[in-house]
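Participant: The structure follows.
Number of protein chains: 2
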Amino acid sequence: MKLLSEPRLETIEMPENLAVAMMVMQARQQHAAQGGGALDFVHYAFGGSPFPVPAAVQQALGEASGQGEYRPAEGIAPLREQIGRFWDKHFGMKIDPGRMVVVPGSKQGIYNTLALLQGPVILPAPSWVGYLPIARLLDKKVIVVPTRAEDGYRITAEGLDAQCRELEDAPQSFLILNSPNNPTGAVYTRSELEALAAVCRTHNIIVISDEIYSLITYDAAGFTSMAQIYPEGTFITTGISKYAGAGGYRLGVTILPETCTEQQLLNFRKVGAATYTNAASPVQFAAIAAFGTDPAMDAYIDAQRNLHRMMTTELARRFGELPGVTTTTPQGSFYFFANFDARGDELRAKGIADSRTMATSLLQEPCRVAMVSGASLLMPPESLTFRIAAVDYDGAAVMKAYQQARPQGPQAEHAFVAQHAAGLLSGVDRLRSFLDTL
Amino acid sequence: MKLLSEPRLETIEMPENLAVAMMVMQARQQHAAQGGGALDFVHYAFGGSPFPVPAAVQQALGEASGQGEYRPAEGIAPLREQIGRFWDKHFGMKIDPGRMVVVPGSKQGIYNTLALLQGPVILPAPSWVGYLPIARLLDKKVIVVPTRAEDGYRITAEGLDAQCRELEDAPQSFLILNSPNNPTGAVYTRSELEALAAVCRTHNIIVISDEIYSLITYDAAGFTSMAQIYPEGTFITTGISKYAGAGGYRLGVTILPETCTEQQLLNFRKVGAATYTNAASPVQFAAIAAFGTDPAMDAYIDAQRNLHRMMTTELARRFGELPGVTTTTPQGSFYFFANFDARGDELRAKGIADSRTMATSLLQEPCRVAMVSGASLLMPPESLTFRIAAVDYDGAAVMKAYQQARPQGPQAEHAFVAQHAAGLLSGVDRLRSFLDTL
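For the protein sequence lines, the chains are V and C, in the order given.
Here the working numbering is used: the first residue of the first sequence is 1, the next is one more, and so on.
Here the working numbering is used: the first residue of the second sequence is 1001, the next is one more, and so on.
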């Protein structure tokens, strides 16, 4: 019996970062089983927090292990109320818990939002690898907006406006805006957001503001939510995966704008009720602690923010010293975007004409460096750009060292990174060797 | 700003059972806050296990609280391997873990399967309330196959074959088959499945075999999986919600047929990777214990099976003694289907002309009995049929009493139910009073 596939699934690629991450994990396991010693990968392709789940969250999960019952599709009330307090404390925003829906991960919140409302999806290039599959699964038209290196690969009001002719006669569309940004580390300023909001108002563009890295803005006070600038048209999607080291917990929240009708709020919940039912009940109780406003949770959030700043900034600085390589300057998240175009002629002479080929090539011995190609982030294939993630170190050990003796000042921070994340930095030397062979 | 909805979401109803369950829960909380004493609901509308999550599963969840990492979309290998041992032990089936995908709940597995392959969806009437919203969300055509009371509301080969003209020229379609059945408690025999499989082979019908109640088959040896009869065309969807009292954990598994290509296996995982990523990582580790093949888990499964048999059988017997009421004879699950059609003339004289009106009417004082209407289970609106769930009792106390002194023989079992589930049975008296007023 031959089973006939839904054609649209064939148009979805398995995200390259997941495929590479699995490959690296398997290679490391094999390496360990063989007794170690030989060359290992330097893993710049993975996008998860290296830090352990906060102790209070772990304890809360254990205490909630008896929570076997189904829960409402919008999430339990005490969690949504706690999220309200957390938003007030960290972002100075008052959010009615009635506008929050707890979801099994921020990505699921993006899916539910795109399922809820009409319209094609505008994605800046580069964008996170996960948006395109969601749009494809929902059979939504996708419009890619190019950005410029001189703008730090940020989408600008002019760039957005110029692309709006592609919308044709769509009465409404979506823009997915991610700040702090994966893959560039950019944090959009208030005035940039205001300019984008003006274009969105003109063209009836709904913004899905992916704020999953908001608590990894290096200058904590420097984060502005699009929902503060453009409240009538912004959905916030976020979760505990990044700032609380709990990607595997699958716990996110979507904040719907006040312009959503009661029927639309209900429809959003219906998507959940028809598929995953509710975010796992014990995890919902544990998440109350992850959205804690207590000093211990504050200290954890500060520590992970500072460590990501130190690691990502130092790694980007060293990448920028590679001959012919330029990078964005990360202001948040644990990524930056690296551009090897100035070495393009030499690379093409070696048969490396696009970012995917180069990413595959760098995985081989002797380099063994894993990076996500720009091509899988919606960049033109021939753009020799890559996402670099600065999380390949022992997060538990590093956090412990930080808590015991927090480095003070730039020199101490450089020394801290060099001492505790030598493996992370070693990829730069491997890349230098690779470039030297060109 | 007016946000424009996706029209298809408007066609999805919020399941009546969830709406009623929320209403009853709120009324009970209010009742408790007011000091209790007055009339409470008898809740026949809820479809969850009343039993606590097994101690070993709770302990395993606590021990896995540090599992913050993302996991592969198909689920962790040790869990899938353990599911293989569990299937061998309980169902005598050898399943390659490579054909299993761990999902956040059995319902999500049904969604992924319908998203994976082409074709309209055939649903017997009555069917569980949750299938229709999944098909609507995926914009799939739905074909309802009526069943007959004299067949115990089972779909028959003749009934299925007769409806196949509705398939028009669809090269492939789905049948969702649920055994043990929600709402009727029917367990399909091997020969019934063989007859259905013959029709499926003729018309290229893929079966989604919803086996969520398989371990609540009262005669444990009496369960046959459609995958044993029709392996080339059957997807099994199930999970730990019902037999392990862990609906809130959101952990299910889909077993794909060997006829699925590698590409289709990958596509199935892509649906997960594009939305929920993976079933919550700590829950996956806890589920290894829920699929345990140890004596303690065996004893738990036996206890819940026997208790559901005792409770559901006794409640159905008492319903059958109500004047003019007939019921199915439950052989599995914790449901039966009750038919009040013989009282139709009297009910219509009181303005009760359909099952939804009657369900709403019964919720009012003085009756206060919650039942799910046949109309929300795809029955014709005027059919005065209802799903009755026999789970409204203190599951923890009942299981403890059972473990301390297991009742032996029918008389002892009747006495056990009367002693430990008086509230559950009290709804029958309320319904008798209601019927007496007609």
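C-beta: ideal position from N, C-alpha, C; glycine also.
Tell me the start and end of each unbroken alpha helix (DSSP H) in the segment 113–151 of chain V that is at least 4 residues and wholly inside, in chain order.
Facilitator: 131–137, all fully within the segment 113–151 of chain V.
Participant: Tell whether a beta-carbon distance below 9 Å holds between C/V1121 and C/V1142.
Facilitator: Your numbering for residue 1121 of chain C matches position 121 in the second sequence. Your numbering for residue 1142 of chain C matches position 142 in the second sequence. Yes, these two residues count as a Cβ contact at 9 Å.
Participant: V/Q172 versus chain C: which residues are under 8 Å apart at the beta carbon?
Facilitator: On the first sequence, residue 172 of chain V is found 172 positions in, with the first residue counted as 1. What V/Q172 touches in chain C: L1003 and L1004.
Participant: Once DSSP output is grouped into helix, strand and coil, what is the label at C/D1210?
Facilitator: The residue labelled residue 1210 of chain C in the question sits at position 210 within the second sequence. Three-state result, C/D1210: strand.
Participant: Closer than 9 Å, CB to CB, is V/N267 near chain C or not?
Facilitator: Translated into the one-based positions of the first sequence, residue 267 of chain V becomes position 267. Yes, V/N267 lies at the interface with chain C (some Cβ there is under 9 Å from its Cβ).
Participant: Going by beta-carbon coordinates alone, are C/A1227 and C/P1257 separated by less than 9 Å?
Facilitator: Position 227 of the second sequence holds residue 1227 of chain C. Position 257 of the second sequence holds residue 1257 of chain C. Cβ distance < 9 Å, so C/A1227 and C/P1257 count as in contact.
Participant: Going along chain C in order, which residues have a C-beta closer than 8 Å to the C-beta of V/M22?
Facilitator: Position 22 of the first sequence, counted from the first residue, corresponds to residue 22 of chain V. Contact of V/M22 with chain C by beta-carbon distance below 8 Å involves P1072.
Participant: So which residues of chain V does C/Y1300 contact, with C-beta pairs closer than 9 Å?
Facilitator: On the second sequence, residue 1300 of chain C is found 300 positions in, with the first residue counted as 1. Within 9 Å Cβ-Cβ: nothing; C/Y1300 doesn't reach chain V, min ~12 Å.
Participant: Can at least three beta-carbon pairs, one atom from the segment 335–345 of chain V and one from the segment 377–385 of chain V, be found at a separation below 8 Å?
Facilitator: yes
Participant: Buried or exposed for C/A1279, please, with buried defined as at least 16 other CB atoms from any protein chain shown within 10 angstroms of its CB.
Facilitator: In the second sequence, the residue the question calls residue 1279 of chain C occupies position 279. Counting Cβ neighbours within 10 Å, C/A1279 comes out buried, since at least 16 surround it.
Participant: Can you tell me whether V/M226 is helix, strand or coil according to DSSP?
Facilitator: Position 226 of the first sequence, counted from the first residue, corresponds to residue 226 of chain V. If DSSP states are grouped into helix, strand and coil, V/M226 belongs with the helices.
Participant: What are the start and end residues of the alpha helix (DSSP H) that includes C/Y1300?
Facilitator: Indexing the second sequence from 1 puts residue 1300 of chain C at position 300. Here the alpha helix (DSSP H) through C/Y1300 covers P1295 to G1320.
Participant: Helix or strand or just coil, what does DSSP make of V/N181?
Facilitator: What you label residue 181 of chain V is simply residue 181 of the first sequence in a count that begins at 1. In this structure, V/N181 counts as coil in the three-state DSSP scheme.
Participant: So who's on the other strand from V/Y111, going by DSSP bridges?
Facilitator: Here the question's residue 111 of chain V lines up with position 111 in the first sequence. Its beta-bridge partners do not exist; DSSP assigns none.
Participant: Just the C-alpha distance for C/L1363 and C/D1345, rounded to the nearest angstrom, thanks.
Facilitator: Here residue 1363 of chain C refers to the residue found at position 363 of the second sequence. Here residue 1345 of chain C refers to the residue found at position 345 of the second sequence. Approximately 21 Å between the Cα atoms of the pair.
Participant: Distance cutoff 9 Å, beta carbons only. Does V/R387 sit that close to anything in chain C?
Facilitator: Looking up residue 387 of chain V in the first sequence gives position 387. No, V/R387 does not count as interfacial toward chain C.
Participant: Pull up the DSSP beta-bridge partners for V/G252, would you.
Facilitator: To locate residue 252 of chain V, count along the first sequence from 1; it is residue 252. V/V103 and V/G239.
Participant: Considering only the alpha carbon of each residue, which of C/V1129, C/Y1213 and C/F1235 lies closest to C/K1242?
Facilitator: If you number the second sequence from 1, residue 1242 of chain C lands on position 242. Put simply, of C/V1129, C/Y1213 and C/F1235 the residue whose alpha carbon is nearest the alpha carbon of C/K1242 is C/Y1213.
Participant: Helix, strand or coil for V/S355, going by three-state DSSP, please let me know.
Facilitator: One-based indexing of the first sequence puts residue 355 of chain V at position 355. V/S355: helix per DSSP, three-state reduction.
Participant: Taking the C-alpha atoms as reference points, what is the distance between V/G98 and V/P72?
Facilitator: Indexing the first sequence from 1 puts residue 98 of chain V at position 98. Indexing the first sequence from 1 puts residue 72 of chain V at position 72. Going from the Cα of V/G98 to the Cα of V/P72 covers about 13 Å.
Participant: Can you pull the chain V residues whose beta carbon is under 7 Å from the beta carbon of C/G1068, in chain order?
Facilitator: Translated into positions along the second sequence, residue 1068 of chain C becomes position 68. Taking the beta carbon of C/G1068 as reference, the chain V residues within 7 Å of it are P52, V53, G245, A246, G247, G248 and Y249, listed in sequence order.
Participant: Please work out which residues of its chain come closer than 6 Å, Cβ to Cβ, to C/V1283, disregarding the five sequence neighbours upstream and downstream, and give them in chain order.
Facilitator: Your numbering for residue 1283 of chain C matches position 283 in the second sequence. These residues qualify, in order along the chain: Y1249 and L1251.
Participant: Please classify C/M1022 as buried or exposed, where buried requires at least 16 neighbouring CB atoms within 10 angstroms.
Facilitator: One-based indexing of the second sequence puts residue 1022 of chain C at position 22. Under this definition C/M1022 is an exposed residue.
Participant: What residues in its chain sit with their C-beta under 6 Å from that of V/L132, if we drop five residues either side in the sequence?
Facilitator: Residue 132 of chain V sits at position 132 when you count from the first residue of the first sequence. Cβ within range, chain order: n/a, list empty.
Participant: Given a threshold of 16 other Cβ atoms within 10 Å of its Cβ, counted over all protein chains shown, does V/R136 qualify as buried or as exposed?
Facilitator: Taking the first sequence and counting its residues from 1, the one referred to as residue 136 of chain V is at position 136. Flag for V/R136 reads buried.
Participant: Counting only beta-carbon separations shorter than 9 Å, does V/V283 have a partner in chain C?
Facilitator: Within the first sequence, residue 283 of chain V is the residue found at index 283, counting from 1. Chain C contact via Cβ: present.
Participant: Check for me: the beta strand (DSSP E) holding C/I1288 runs from which residue to which?
Facilitator: Here residue 1288 of chain C refers to the residue found at position 288 when the second sequence is read from its first residue. Taken as a continuous stretch (DSSP letters only), C/I1288 belongs to no beta strand (DSSP E), being part of the alpha helix (DSSP H) at S1281 to A1290.
Participant: Pick helix, strand or coil for V/S376, following the three-state DSSP scheme.
Facilitator: As a working note, residue 376 of chain V is residue 376 in the first sequence. Residue state, collapsed to three classes: helix.
Participant: Going by DSSP, what residue range makes up the beta strand (DSSP E) through C/N1339?
Facilitator: Residue numbering aside, residue 1339 of chain C sits at position 339 when the second sequence is read from its first letter. Element bounds for C/N1339: Y1335 to N1339.
Participant: Just to make sure I have the definition right: I need the residues of chain V whose C-beta is within less than 7 Å of the C-beta of C/E1365. Which are they?
Facilitator: Position 365 of the second sequence, counted from the start, is the residue given in the question as residue 1365 of chain C. The premise fails here: C/E1365 is roughly 25 Å from chain V at the closest Cβ pair, so nothing lies under 7 Å.
Participant: Can you give me the start and stop residues for the beta strand (DSSP E) that V/A390 sits inside?
Facilitator: Within the first sequence, residue 390 of chain V is the residue found at index 390, counting from 1. Here V/A390 belongs to no beta strand (DSSP E), and DSSP marks it neither H nor E.
Participant: Check for me: the alpha helix (DSSP H) holding C/C1200 runs from which residue to which?
Facilitator: As a first step, residue 1200 of chain C must be located in the second sequence, where it is residue number 200. Start and end: R1190 to H1203.
Participant: Would you kindly work out how many angstroms separate the C-alpha atoms of C/E1150 and C/R1201, rounded to a whole number?
Facilitator: Taking the second sequence and counting its residues from 1, the one referred to as residue 1150 of chain C is at position 150. Taking the second sequence and counting its residues from 1, the one referred to as residue 1201 of chain C is at position 201. So the two alpha carbons sit approximately 26 Å from each other.
Participant: Express the C-alpha separation of V/H308 and C/T1275 in angstroms, rounding to a whole number.
Facilitator: The sequence position of residue 1275 of chain C within the second sequence is 275, counting from 1. The sequence position of residue 308 of chain V within the first sequence is 308, counting from 1. Distance between the alpha carbons of C/T1275 and V/H308: 26 Å.
Participant: Please tell me whether C/R1430 and C/V1372 are closer than 9 Å, where the distance is taken between their beta carbons.
Facilitator: As a working mapping, residue 1430 of chain C is identified with position 430 in the second sequence. As a working mapping, residue 1372 of chain C is identified with position 372 in the second sequence. It is not a contact, given that the beta carbons lie outside the stated cut-off.
Participant: Does the segment 401–413 of chain V come into contact with the segment 317–331 of chain V, if we say contact requires no fewer than three beta-carbon pairs (one atom in each stretch) closer than 8 Å?
Facilitator: no
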